[in-house]
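Undergrad: Just passing along the structure, written as structure tokens.
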Amino acid sequence: MKNSFKHDVVIIGGLGHIGLPLGIVFASKGLKVCLNDINNDVAKIVNKGEMPYIEYGAEPILKEVLANGKLVISLDPNCISDAKYVIIAIGTPVDEYLNPKTREFLEFIKNIKQYLNPNQVIIVRSSVFPQSLHQIMSILGTNETWHLAYCPERIVQGFAVRELETLPQIVSGFTDYAIEQSEQLFLKITNKVIKTSMSEAELAKLFSNSWRYIQFAIANQFYMISESHGIDYNRIREIMIDGYDRSKGLPSAGFAAGPCLLKDTMQLSAFNSNQFQLGQAAMNINEGLPNYIVDNLSKEVDFSTKTIGILGMAFKADVDDIRDSLSYKLRKILIFHGANVLCCDDFVKDPTFIGQDELIEKSDIVIIGAPHESYSKIDFTDVKLINIWN
């Protein structure tokens, strides 16, 4: 088995939210890592030792591994041939009907096949539609033995550097060598590897995100029921979890968004011939929460005479990622109903946003879109506040 590679690891999609933290952590353990991507603007930022998005604890390590040469960036796909381990960490898109665009992912594999060889261990890190790995094997071909593994990521965005070293890593593969080598690789950054079949790994990833999405939907449904009857859901939740361990997992209400939870729930539904009623109900509830907020407000105010401020446009607290953020859906609905809408976010850069103080001063109503920590220190005495988070 050839082992004279220039790099230990190359990560395709290496400048993204999944690939970059993983590459930084591998490099911090002494591996030679190449981040392959097509985004030249982001490459320039990272090469300066700066993170292009919020990832807590990552930037000091990034500077260190760039300085010692353990981490390099390449926009040239030929670098894919130069590593023993090839990790694929590209996003897996869905279409406008929330069906997985499996063909696009497989077309990408076809396009990079020319840079792959059977001496490598190819690891898919992305969320995938079940059975996609079998289709990748067909693309690679049966004339030679390919070492393909599936090792899904399970980190919480913004805290990957910390979680990569604490979470067990699921490892599956089509050959014993793929499994053994993937296990050895990930044991360099975590203390536990869980070896599974390919189908178990694929479903474990989708089940995990669907489970979280359904949990948020239950909390949001409880919130809507409580609000509709003039009762404080968060007070009820406090009563439920106080000294009662069986209810401690009940989340607070809030926007359930981001690039994975809804997408993986819908992938699971599509895989099961759209017979995933809980998942579909969760989508209706979570995606319908902005509409519920606006409908409730419309009973009290004339939107055409009001200025409404949205504090927090990221998809969750204390990050700068706006992908699939429901704050933008909320803004769109409010504007449709005639409201003047102002937006602000501590982390998201947008020239149309204004500062906190100005937003609060100019708004008749303020809605917390993402519960950034700094918002807990604001005095909302002189403005009507809608905070579904607590």
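Position one of the sequence shown corresponds to residue 1112 (my numbering), numbered consecutively onward.
The beta-carbon is built from N, C-alpha and C at its ideal position, and this holds for glycine as well.
1) Work out the CA separation of I1352 and K1113 for me, nearest whole Å.
2) H1245: buried (16+ other C-beta within 10 angstroms of its C-beta) or exposed?
3) Helix or strand or just coil, what does DSSP make of Y1196?
4) Quick one, are the C-beta atoms of A1194 and V1120 less than 8 Å apart?
5) Kindly indicate which residue of G1449, Q1292, I1404, C1145 has the alpha-carbon position closest to the one of L1186.
6) At the level of alpha carbons, what is the spacing between S1309 and S1238?
7) Does K1113 come out as helix, strand or coil in the three-state DSSP assignment?
8) When DSSP labels each residue in this structure, what does C1455 get in the three-state scheme?
9) Between S1139 and F1366, what straight-line distance do the alpha-carbon atoms span, to the nearest angstrom?
10) Taking the alpha helix (DSSP H) that K1443 falls in, what are its first and last residues?
11) Alpha helix (DSSP H) containing A1138: first to last residue?
12) Pairs of beta-carbons, one from the segment 1155-1174 and one from the segment 1298-1317, closer than 8 Å: are there three or more?
13) Assuming P1097 contacts I1305 under a Cβ cut-off of 8 Å, what Cβ separation, rounded to an integer in Å, is found between them?
14) Which residue marks the beginning of the alpha helix (DSSP H) containing H1258, and which one marks its end?
15) Should T1463 go down as buried or exposed, given a rule of 16 or more other Cβ atoms within 10 Å for buried?
16) For L1244, which three-state DSSP category applies?
17) Might you give, ordered along the chain, the residues of its own chain that have their beta carbon closer than 6 Å to the beta carbon of F1414, omitting 5 neighbours on each side?
TA: Short version:
1) Counted from its first residue, the sequence shown places residue 1113 at position 2. Counted from its first residue, the sequence shown places residue 1352 at position 241. Bear in mind that the predicted position of K1113 carries a pLDDT of just 47, short of 50, making it too unreliable to give a figure here.
2) Position 134 of the sequence shown holds residue 1245. Exposed: under 16 other Cβ atoms inside 10 Å.
3) Taking the first residue of the sequence shown as 1, we reach residue 1196 at position 85. Residue state, collapsed to three classes: strand.
4) Locating residue 1194 in the sequence shown gives position 83, where the first residue counts as 1. Locating residue 1120 in the sequence shown gives position 9, where the first residue counts as 1. Yes, the pair counts as a contact, with Cβ atoms nearer than the cut-off.
5) The residue labelled residue 1186 in the question sits at position 75 within the sequence shown. Of the listed residues, the one whose Cα sits closest to L1186 is C1145.
6) What you label residue 1309 is simply residue 198 of the sequence shown in a count that begins at 1. What you label residue 1238 is simply residue 127 of the sequence shown in a count that begins at 1. Note that residue 1309 corresponds to Met in the displayed sequence, not to Ser. Whole-angstrom Cα-Cα distance: 13 Å.
7) The residue given as residue 1113 occupies position 2 in the sequence shown. For K1113, the pLDDT reaches just 47, beneath the cut-off of 50, and the residue's location in the model is therefore unreliable, although a value from the coordinates is still provided. In the structure shown, K1113 sits in coil (DSSP, three-state: anything other than H, G, I, E or B).
8) In the sequence shown, the residue the question calls residue 1455 occupies position 344. Strand, per DSSP.
9) Residue numbering aside, residue 1139 sits at position 28 when the sequence shown is read from its first letter. Residue numbering aside, residue 1366 sits at position 255 when the sequence shown is read from its first letter. Distance between the alpha carbons of S1139 and F1366: 35 Å.
10) Sequence index remark: in the sequence shown, residue 1443 carries index 332 (1-based). First-last of the alpha helix (DSSP H) with K1443: 1437-1447.
11) Your numbering for residue 1138 matches position 27 in the sequence shown. Per DSSP, A1138 belongs to the alpha helix (DSSP H) from 1130-1139.
12) no
13) Only positions 1112 to 1501 of the chain appear in the structure, and residue 1097 is not among them; the question remains open.
14) Counting from one through the sequence shown, the residue named residue 1258 turns up at place 147. Segment 1258-1261 is the beta strand (DSSP E) holding H1258; no alpha helix (DSSP H) there.
15) Residue 1463 sits at position 352 when you count from the first residue of the sequence shown. That one is exposed.
16) In the sequence shown, residue 1244 corresponds to position 133, counting from 1. Helix at L1244.
17) As a first step, residue 1414 is located in the sequence shown; it is residue number 303 there, counting from the start. Excluding sequence neighbours, F1414 sits near H1448, G1449, A1450.
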